[in-house]
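Novice: Residue numbers for the sequence shown follow this note's numbering, beginning at 0 and rising by one.
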Amino acid sequence: MSNVSFFPEISQKYRDDHGARIVVTEVKETCVVFMREGYPYPCMRPLSNFIWKFKKIVNDL
Numbered sequence: 000m001s002n003v004s005f006f007p008e009i010s011q012k013y014r015d016d017h018g019a020r021i022v023v024t025e026v027k028e029t030c031v032v033f034m035r036e037g038y039p040y041p042c043m044r045p046l047s048n049f050i051w052k053f054k055k056i057v058n059d060l
């Protein structure tokens, strides 16, 4: 069994399907709340959509 989690966690960084960087701020039962880089308001996506369209940033150099 692997320890890799496909579910987002608070403070993890991702890129959306357009390449924009985001940081997860809250994970609810059915949705993910996040902040987009350069955008001052929180954004929200359904959990299933987030998992499908967002890719975790592994090495943030």
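Cβ atoms here follow ideal geometry from the backbone N, Cα and C, with glycine treated the same way.
If you draw a straight line from the alpha carbon of Ile50 to that of Asp15, how long is it in whole angstroms?
Specialist: Rounded to whole angstroms, Ile50 to Asp15 spans 10 Å at the Cα level.
Novice: Of the residues Ala19, Glu8 and Ile9, which one's Cα is nearest the Cα of Gly37?
Specialist: Nearest of Ala19, Glu8 and Ile9 to Gly37, Cα basis: Ala19.
Novice: How would you write the range of the alpha helix (DSSP H) that Lys52 sits in, first residue to last?
Specialist: Leu46 to Lys52 is the span of the alpha helix (DSSP H), which, as asked, contains Lys52.
Novice: Where does Ile9 land, buried or exposed, given buried means 16+ other C-beta within 10 angstroms?
Specialist: Exposed, by the Cβ-count rule.
Novice: Between the Cα of Met43 and the Cα atoms of His17, Val22 and Phe5, which residue gives the shortest distance?
Specialist: The residue with the shortest Cα to Cα distance from Met43 is Val22.
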